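The structure appears below as structure tokens.
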Amino acid sequence: MKKKTDCCRIQRRTPRECLKSKDPSVPEECYALYVSFFECKHSIIDGRRRFRGPRE
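The numbering of the sequence shown is UniProt numbering, which starts it at 1 and goes up by one.
Below you can see the structure in the form of structure tokens.
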């Protein structure tokens, strides 16, 4: 996102706040990256997932 959206520039909010509030000025690509990052971090922490693999 790199603070190029109106949410970050004009409203002076952090990128995290913009993503959590589902601001319409944030592109869909940013939401997809946010979800992918969360799933990656979650899989590292979740010990059961290492044996079972990702859910489909």
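Think of the CB as a built atom: it goes at the ideal place given N, C-alpha and C, for glycine as much as any other residue. The structure displayed is predicted, hence computed values, not measured ones.
Counted within 10 angstroms of its Cβ, other Cβ atoms place residue i as buried (16 or more) or exposed
i      : result
Leu-33 : exposed
Thr-5  : buried
His-42 : exposed
Val-26 : buried
Cβ pair residue i, residue j closer than 8 angstroms
i      : j      : result
Leu-19 : Cys-30 : yes
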